[in-house]
Each structure stands twice: as structure tokens, then as C-alpha cells.
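Trainee: Take the sequence shown: its letter number 152 is residue 642 in the working numbering, and every next letter is one higher. One structure, as C-alpha cells, below. Some questions next.
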Amino acid sequence: DGQNSTPKQTADVEAAVIQGLDGILISPTDVNAMAPAIQTAVENGVPVVTIDRRVDAVDGILAHVGADNVKGGEAQGQWILDNYPDGARIVNLQGQPGASPAIDRNQGVHNVLDGVDGYEFIVEQTANFARDQGLAVTESILAGLDSPPDVIVAANDDMALGAIEAVRARELEGEIAILGFDALPEALAAVRDGSLAGTVEQFPGGQSRQAMQIL
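This is the structure we're talking about:
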């Protein structure tokens, strides 16, 4: 468990190389910060397969398995267009800086909505893919706005679930549509009960199985 810590994950990769292990499957915490450790593994002949987060800075990675996160973000943007045809004020909860899913999902949302009249990103702020930060950031944003947004779009379900708690605490349920990403079981339950407007499925189990089969 890399514990969402780049130093911890770097040490784990370095230890795997020293131990002479036969292969590494990894979802890097930060694709840029993890590049040197992964480069070391590749240079030492250890095959590396990345999952979910690709490391473009390293040549020689055996394979990458991941969803098209840009298309996922575009799906969120298209939902907003379809459900708010007259425009929308949008809060964008972004993922962990440096993580390719955060970058790509954000790009996808903007691909669809940028330049379209009536659609405004009134606040864009990272909540680092974390539920507690999704709650705290959303609370802060809502407290600072004169009127609530129409939509909160989050780059993963944990941040969306945190946003739900903040919206509920301010008694704004039903007034703000919240979108997540990842289709966690808890998020799917929230879609069923109506507290989450939607989420994007990216089949993480399938990604991991495919990566293992390649290795």
C-alpha cells in the first residue's frame, strides 16, 4: 500500500528492484514524482505495467492499462449540457495535482463546456481525490457564494460523496446536481437514492486483470 504517499511508493519500488522481483504493477501516486523510481526499475530490467495513471516521462515501460479519462470527463460535461440546456454555474472539484486522471478528467469537462455560452466554471479547486477534502472544500466554496451553483462536478466519487455531505449540511439537497467519477459501490447507491446525479464507470477490476495478464 503506497498510502497515497510518493516517498512511500518510491521506497517500495526501490525495494522491489533491490530484491530482484520479477515485475511491478503500479498505479503511481504522482506520475512526475514517481518517474525516477520507475526509470530505475526499467533500467534494471524489471518489467513495469502501469494502471490508471500513465508515466509518459519514462521510456521502456512494458504497458499501460487505463480508461480514457478524457472521454470520462467529456461524459460529465455532456451530462451537464443535456440536463442544463439553458446554461449552468459549475463548481469543479479537481483531483490530485500531477495525477494523469485528474489532468485528463479536467480536460474532458473543459473540452465540452469551454466556449459554450451560458456555462461558467465559477470555482475550480483541488480536493486531492479525498472525501474529507471534498467536504471541506465544498463547505468553504458554498459559504463564499451569494447563491448556490447548479452543478458540482467532481473528478472522483470520494470528493463527490464529500460534496454531498456539505450540500446536505446547508440544506441544499435537490438544488445542486453532483457528478462523480469511478462508480464506487457507495456512489452507485447514492445515484439510486438520488443524492448523486451520476458517476462514470471505468472498470478498475478489468484494468487490474488486464495488467496482470500482460505481465
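Think of the CB as a built atom: it goes at the ideal place given N, C-alpha and C, for glycine as much as any other residue. Just so it is clear, the structure is predicted and the values come from calculations on it, not from any experiment.
Would you report the Cα separation of A531 and P537, rounded to the nearest angstrom?
Mentor: Against the sequence shown, residue 531 aligns to sequence position 41. Against the sequence shown, residue 537 aligns to sequence position 47. C-alpha separation (whole angstroms): 7 Å.
Trainee: Along the chain, where does the beta strand (DSSP E) that runs through V521 open and close?
Mentor: Position 31 of the sequence shown, counting from 1, holds the residue named residue 521. For V521, there is no enclosing beta strand (DSSP E), since its DSSP letter is neither H nor E.
Trainee: So for L515, helix, strand or coil by DSSP?
Mentor: Residue numbering aside, residue 515 sits at position 25 when the sequence shown is read from its first letter. In the structure shown, L515 sits in a strand (DSSP, three-state: E or B).
Trainee: Assign E614 to one of three DSSP states: helix, strand, or coil.
Mentor: Residue numbering aside, residue 614 sits at position 124 when the sequence shown is read from its first letter. Collapsing the DSSP output to three states places E614 in a strand.
Trainee: Assuming contact is defined by CB atoms lying nearer than 8 Å, are D761 and G652 in contact in what I supplied?
Mentor: The displayed coordinates of the chain run from 491 to 705. Any statement about residue 761 would go beyond what the structure contains.
Trainee: Quick check on E676: buried or exposed, where buried means 16 or more other Cβ atoms within 10 Å of its Cβ?
Mentor: As a first step, residue 676 is located in the sequence shown; it is residue number 186 there, counting from the start. Exposed is the call here.
Trainee: What does DSSP give as the partner residues of I631 in its beta bridges?
Mentor: The residue labelled residue 631 in the question sits at position 141 within the sequence shown. I631 pairs with nothing; no bridge assigned.
Trainee: If contacts are defined as beta-carbon pairs under 8 Å, then A620 and I654 qualify, I think. What distance do you get, rounded to the angstrom?
Mentor: Locating residue 620 in the sequence shown gives position 130, counting from the first residue. Locating residue 654 in the sequence shown gives position 164, counting from the first residue. That belief does not hold up - the Cβ atoms of A620 and I654 are roughly 14 Å apart, past 8 Å.
Trainee: From this set, H600, F693, E665 and D512, which residue's C-alpha is nearest D672's C-alpha?
Mentor: Residue numbering aside, residue 672 sits at position 182 when the sequence shown is read from its first letter. Nearest C-alpha to D672: F693.
Trainee: Helix or strand or just coil, what does DSSP make of I528?
Mentor: As a first step, residue 528 is located in the sequence shown; it is residue number 38 there, counting from the start. In this structure, I528 counts as helix in the three-state DSSP scheme.
Trainee: If you run the structure through DSSP and keep just helix, strand and coil, what is T496?
Mentor: As a working note, residue 496 is residue 6 in the sequence shown. Correct three-state label for T496: helix.
Trainee: Measuring straight from C-alpha to C-alpha, what distance separates I668 and S685?
Mentor: As a first step, residue 668 is located in the sequence shown; it is residue number 178 there, counting from the start. As a first step, residue 685 is located in the sequence shown; it is residue number 195 there, counting from the start. So the alpha carbons of these two residues sit roughly 8 Å apart.
Trainee: Spatial neighbours of E691 within its chain, please: C-beta separation below 7 Å, excluding the five flanking residues on both sides.
Mentor: For the purposes of this step, residue 691 is taken as residue 201 along the sequence shown, with counting starting at 1. Same-chain partners within the cutoff: A673.
Trainee: So R699 is in the alpha helix (DSSP H); what residue range does that whole segment cover?
Mentor: Your numbering for residue 699 matches position 209 in the sequence shown. It spans P694 to I704 - the alpha helix (DSSP H) in which R699 sits, taken as one unbroken run.
Trainee: Please classify R595 as buried or exposed, where buried requires at least 16 other C-beta atoms within 10 Å of its C-beta.
Mentor: Residue mapping note: residue 595 aligns to position 105 of the sequence shown, counting from 1. Under this definition R595 is a buried residue.
Trainee: V521 to I528, Cα distance in whole Å?
Mentor: As a first step, residue 521 is located in the sequence shown; it is residue number 31 there, counting from the start. As a first step, residue 528 is located in the sequence shown; it is residue number 38 there, counting from the start. Computed Cα separation, rounded: 10 Å.
Trainee: What residue range does the beta strand (DSSP E) around N582 cover?
Mentor: Sequence index remark: in the sequence shown, residue 582 carries index 92 (1-based). From DSSP, the beta strand (DSSP E) with N582 extends over A578 to Q584.
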